Amino acid sequence: MNDFASSPIPEVPHLARTDLDPHHPRHTVVYQGYTVLVTCQDGTLRGEGYEGLYDFDTRILSRYRITLDGQEPKYVSSGELESERWNARLRVTRPGGDDRGPKLPQDQFEIALTRWVGRGMAEELVVRNHSMVPAKTELVIELDADFADVQEVGGQRRQRGTTEVTWNAAERTLLFDYHVEQQSHSLHRAMRLRVVEADAEPRRDGRALHFTLQLPARGYWAARLAYDSLVDGTWREPPLDSPTEKTPRDSIRESWRRQRASIECCQPVVAQTFEQAADDLFALRNWELDPAPDAWVPNAGVPTFTGLFGRDSLTAAWQGALIGPEMMRGALAVIAATQADSSSAWRDEEPGKMIHEMRRGPLSELDIIPQRAYYGTQTSPAMFALALSEFWHWTGNTAALHEYRDAALRTFEWAERYGDRDGDGFLEYVQRSPKGLKNHAWKDSNEAIRYPDGAIVENPIATVEEQAFHFIALQRMAEILVALGEEQRAEEFLNRARALKRRWHEAFWMESEGFYAMALDPDKHLVRTIGSNPGHALAVGIVPRESARSVADRLMAPDLFSGWGVRTLSSLHPSYNPYAYHLGTVWPVENATFALGFKRYGLDEHVERLVTALFAAAGHFHDLRLPELLGGHGRDESPIPTIYPQANSPQAWSASATVQLVQIMLGLYPFAPARTLALMRPQLPAWLDAVTLRNIRVGDAVVSIRFNRQDDGTTTYEVIEQAGTLFVVTVPPPNDVSPGQAGWTAQLKSWALDHVPGGTARAIRIALGDIED
30 MNDFASSPIP EVPHLARTDL DPHHPRHTVV YQGYTVLVTC QDGTLRGEGY
80 EGLYDFDTRI LSRYRITLDG QEPKYVSSGE LESERWNARL RVTRPGGDDR
130 GPKLPQDQFE IALTRWVGRG MAEELVVRNH SMVPAKTELV IELDADFADV
180 QEVGGQRRQR GTTEVTWNAA ERTLLFDYHV EQQSHSLHRA MRLRVVEADA
230 EPRRDGRALH FTLQLPARGY WAARLAYDSL VDGTWREPPL DSPTEKTPRD
280 SIRESWRRQR ASIECCQPVV AQTFEQAADD LFALRNWELD PAPDAWVPNA
330 GVPTFTGLFG RDSLTAAWQG ALIGPEMMRG ALAVIAATQA DSSSAWRDEE
380 PGKMIHEMRR GPLSELDIIP QRAYYGTQTS PAMFALALSE FWHWTGNTAA
430 LHEYRDAALR TFEWAERYGD RDGDGFLEYV QRSPKGLKNH AWKDSNEAIR
480 YPDGAIVENP IATVEEQAFH FIALQRMAEI LVALGEEQRA EEFLNRARAL
530 KRRWHEAFWM ESEGFYAMAL DPDKHLVRTI GSNPGHALAV GIVPRESARS
580 VADRLMAPDL FSGWGVRTLS SLHPSYNPYA YHLGTVWPVE NATFALGFKR
630 YGLDEHVERL VTALFAAAGH FHDLRLPELL GGHGRDESPI PTIYPQANSP
680 QAWSASATVQ LVQIMLGLYP FAPARTLALM RPQLPAWLDA VTLRNIRVGD
730 AVVSIRFNRQ DDGTTTYEVI EQAGTLFVVT VPPPNDVSPG QAGWTAQLKS
780 WALDHVPGGT ARAIRIALGD IED
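Positions in the sequence shown are counted from 1; adding 29 to them yields this note's numbering.
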């Protein structure tokens, strides 16, 4: 099954006629920070699916219905103005009228509905009378708030309190006040509707507001409403500026767009997909978590993943670093601040461990689930060291290495004391929390790790990719210590990395498959299931050169490669399901990691096929946005990608994966401490003739480069703009297995690092995998 040549050939990326949307038929998803609005196209909330206004993972508005003149308005059009602003047009036909007038058959009321979210929601309503005849009519807004946790929506309600609804006529506020007590915990949340401005006084009737409108001929009526959210005893009030006026955050966004990396190329699907991904990462910024103006973390995804997610934030930060270091700066600060100091079985928490997720909904606040601060992951600790070293590569900020050195070292203390539970050198996980996750590896769904016959693998489990992540973390920690002048301690980490590299291949390699097993079970027997997990090992360089092509070919064989990307599980496995979260779907985030691995080993044909597939898939989606994951159907089954039900979109690490795909194609690898940008054999695919990448920031320098594909298939480059000192040099991939290539180590002296101070040069060699004695 290693036949790479027989794997599907992806279509050339183009702007497709399809417009796939994971949120269909609720096309409106508007978001900022902890506030997310999911509605029907016409702005109504009917209580179906995820519809609602959410703040801090709590649905503070579950029903919204307008009637005018006793009728529900008909939908005309709607769309996002920005990720946090939305506008719709609705209409209500006025009965009667004839061609002579003055009342005409086409006379109607029009409702312009504009919303903007963040710290709650503000809403502007404008009702226009498109008629030569004045009108008196009634506008009714029906509301409700169920205060469901976002994780309860669509499932069983696990917390239920009491809601008191009160009207304050003097202040024109309708209050939905929610209290719930469960065991020894209590929660108070509320939603307050304020009539800020209105051309007619409101009247309250139960959970509805009534306005009597006196509309002159061709006249209008307007109102502005605010939906405030009570969290931690404090009212969160949205800004009430006009949605057409520029806000301070608009200025910040515009400034960021000007300074971040941008792309120009002959293929619109590539340029637009990249630009959309970059915008999505900023739009997902959780402003409430900002540690500094130039340091921020994105929400993991909308509508259901707001808050701090450790591995998501760290992964999105280093994958998306090409557009700027702000996410890495923010992720390092926030994740270090939440590092575990104590042990808690309920939270799967152990000293030194990094956070998995922090939720703020009722289920977490009432301690029904442990996600108020949950640590059930092996990935976050490894990703912290990786992100710290990548931050240094992009910025040259050695002060950050000093600042986060101790936090990084504590993750290895955790790994040695708690991660390696039996002392065999591999990291195993167990589930301590009765409400936690069974699996603490990359695939963290409870059903993800299964034997070839479909039976579930019981804990403790040592997955193949978590050992690879631990390997790269050891390697990068050694690099960090070398950069800090701690050579002796660095050597300790290098020795551990060398030992793990040798034992890992022996323990997980399946000679008959030319591939690695998914995991080791509790008895240290191979879980011989074929899935995507080993692909991560290529990216970190732990795979021996002589095995790399076999691993890459197996990933791209037809049972794993669908034509849109690499599936999480072989389609030949009895548990395969194209709609199962980790049992057959395609995840853009890990596919970008696979492309990085192919690039690392110089497997250009594999890179081209995989990058082509992912951009071709993006071309079919609304706004050219790769969602959280795709269905696993192959191109022989479906000529267009399939949607995974309830996929988040945008998703931070799908957006960052898109950014990284461009970086991989162009072979960009920064070394700001050496004032160097290495180009590791840039390779534009056959369908992409030229690319210009502008505003690449490396340290204090900014550079723009044009890449051109030549007739012989090679790619040349030209620096077209540069500010600051930066050496742009070409180098081979560090683990190149291409015929006739001597590899990174043999050609190292031809690179510009010859004149770099010894400590920095050694640190960079370690980062590239040169860890042998």
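Just so it is clear, CB atoms sit at the ideal spot from N, CA and C, and this is done for glycine as well.
Since the structure is predicted, the reported quantities are computational estimates derived from the model, not experimental observations.
- Item | Assigned exposure category for Trp-423 - 16 Cβ within 10 Å defines buried | Per the 10 Å Cβ criterion, buried.
- Item | Neighbourhood of Leu-343 by C-beta, 7 Å cutoff - its chain only, sequence neighbours within 5 removed | Excluding sequence positions up to five before and after Leu-343, its CB lies within less than 7 Å of the CB of Ala-360, Ile-364, Ser-409, Met-412, Phe-413, Ala-416, all in the same chain and listed in chain order.
- the region 675 to 684 touching the region 706 to 726, judged by at least three CB pairs closer than 8 Å: Not touching, per the Cβ criterion.
- Where Thr-73 falls: helix, strand or coil (DSSP): Coil, per DSSP.
- Would you report the Cα separation of Lys-778 and Ala-621, rounded to the nearest angstrom? Note that Lys-778 scores 46 on pLDDT, short of 50, meaning its location in the model is unreliable and no value can be drawn from it.
- Item | DSSP state of Gln-180 mapped onto helix, strand, coil | In this structure, Gln-180 counts as coil in the three-state DSSP scheme.
- Message: For Gln-496 and Tyr-458, I'd like the C-alpha separation in whole angstroms.
- Response: Roughly 12 Å between the two C-alpha positions.
- Task: Could you check the C-alpha separation between Arg-638 and Ile-749 for me, to the nearest Å?
- Result: Their Cα atoms are separated by approximately 29 Å.
- Item | Met-814: first and last residue of the uninterrupted beta strand (DSSP E) it sits in | Past the edges of the chain, shown from 30 to 802, lies residue 814, and the structure says nothing about it.
- Message: Does the region 568 to 585 come into contact with the region 540 to 551, if we say contact requires no fewer than three beta-carbon pairs (one atom in each stretch) closer than 8 Å?
- Response: As far as the Cβ criterion goes, the region 568 to 585 touches the region 540 to 551, which means the pair count is three or higher.
- Query: Based on the DSSP secondary-structure assignment, which residues constitute the bridge partners of Thr-122?
  - Reply: DSSP output for Thr-122 lists Gln-137 as bridge partner(s).
- Using three-state DSSP, classify Gln-25 as helix, strand or coil. What the structure shows of the chain is the stretch from 30 to 802, and residue 25 is not part of that stretch, so it cannot be assessed.
- Message: Are there any heavy atoms of the ligand COA lying less than 6 Å away from the beta-carbon of Asp-257, as far as the coordinates show?
- Response: Among the components of this structure there are no ligands whatsoever, and the ligand COA is therefore not found.
- Task: Can you give me the Cβ contacts of Glu-747 inside the same chain, cut-off strictly under 6 Å, excluding the 5 residues immediately before and after it?
- Result: Taken in chain order, the residues that qualify are Arg-735.
- Query: Taking the DSSP output, what are the residues bridged to Trp-250?
  - Reply: For Trp-250, which the question treats as bridged, DSSP gives the partners Val-156.
- Message: Does Ala-781 come out as helix, strand or coil in the three-state DSSP assignment?
- Response: Model confidence at Ala-781 stands at a pLDDT of 47, short of 50, so the residue's coordinates are unreliable and nothing is read from them.
- Could you spell out the range, first to last residue, of the alpha helix (DSSP H) harbouring Gly-356? The residue asked about is misnamed: residue 356 is Met in this sequence, not Gly. Its alpha helix (DSSP H) spans residues 355 to 366.
- Query: Which residue from Leu-717, Leu-510, Phe-756 puts its Cα closest to that of Val-732?
  - Reply: Ranking the options by Cα distance to Val-732, first place goes to Phe-756.
- Cα-Cα separation between Leu-466 and Gly-405, rounded to whole angstroms: Rounded to the nearest whole angstrom, the CA to CA distance from Leu-466 to Gly-405 is 7 Å.
- Message: In the DSSP assignment, the alpha helix (DSSP H) including Trp-443 goes from what residue to what residue?
- Response: Where Trp-443 is concerned, the enclosing alpha helix (DSSP H) stretches over 427 to 443.
- Query: For Asn-328, does the count of other Cβ atoms within 10 angstroms reach 16, so buried, or fall short, so exposed?
  - Reply: Residue environment for Asn-328: buried (at least 16 other C-beta atoms within 10 angstroms of its C-beta).
- Task: Identify whether Glu-666 lies in helix, strand or coil by the three-state DSSP scheme.
- Result: In the three-state DSSP reduction, Glu-666 falls in the coil class, being neither helix nor strand.
- Query: Buried or exposed: where does Trp-316 fall if 16 or more other Cβ atoms within 10 Å of its Cβ makes it buried?
  - Reply: Around the beta-carbon of Trp-316, fewer than 16 other beta-carbon atoms lie within 10 Å, marking it exposed.
- In angstroms with no decimal places, state the Cα-to-Cα distance between Gln-135 and Thr-273. The C-alpha of Gln-135 lies about 30 Å from the C-alpha of Thr-273.
- Task: May I ask which residues mark the beginning and end of the alpha helix (DSSP H) holding Phe-522?
- Result: Residues 516 to 537.
- Delimiting residues of the beta strand (DSSP E) encompassing Leu-706: From DSSP, the beta strand (DSSP E) with Leu-706 extends over 705 to 709.
- Item | Three-state class that DSSP yields for Thr-202 in the structure shown | Here Thr-202 sits in strand by DSSP.
- Message: For Leu-430 and Leu-632, I'd like the C-alpha separation in whole angstroms.
- Response: The straight-line gap from Cα to Cα measures roughly 33 Å.
- Message: Helix, strand or coil, according to DSSP, for Ala-775 in the structure here?
- Response: Confidence at Ala-775 is low in this model, with a pLDDT of 48, below 50, so the placement of that residue is unreliable and no value is reported for it.
- Figure out for me which residue from Thr-687, Asn-562, Phe-700, His-651 has the closest Cα to the Cα of His-52. His-52 has its Cα closest to that of His-651, out of Thr-687, Asn-562, Phe-700, His-651.
- Message: Taking DSSP's pairing of strands, which residues face Trp-264 in a bridge?
- Response: DSSP links Trp-264 through a beta bridge to Leu-259.
- Message: Please state the DSSP three-state secondary structure of Gln-675.
- Response: Three-state result, Gln-675: coil.
- Item | Close Cβ partners of Pro-702 (< 6 Å) along its chain, the five nearest in sequence each way excluded | These residues qualify, in order along the chain: Gly-425, Thr-789.
- Message: Rounding to the nearest angstrom, what Cα-Cα distance links His-469 and Gln-400 in this structure?
- Response: In this structure, the alpha-carbon of His-469 lies about 14 Å from that of Gln-400.
- Touch check for the region 220 to 240 and the region 192 to 204: three-plus C-beta pairs under 8 Å? Yes: the two stretches touch, three or more of their Cβ pairs being nearer than 8 Å.
- Over the uninterrupted beta strand (DSSP E) stretch that includes Pro-699, give me the two end residues. Its beta strand (DSSP E) spans residues 697 to 700.
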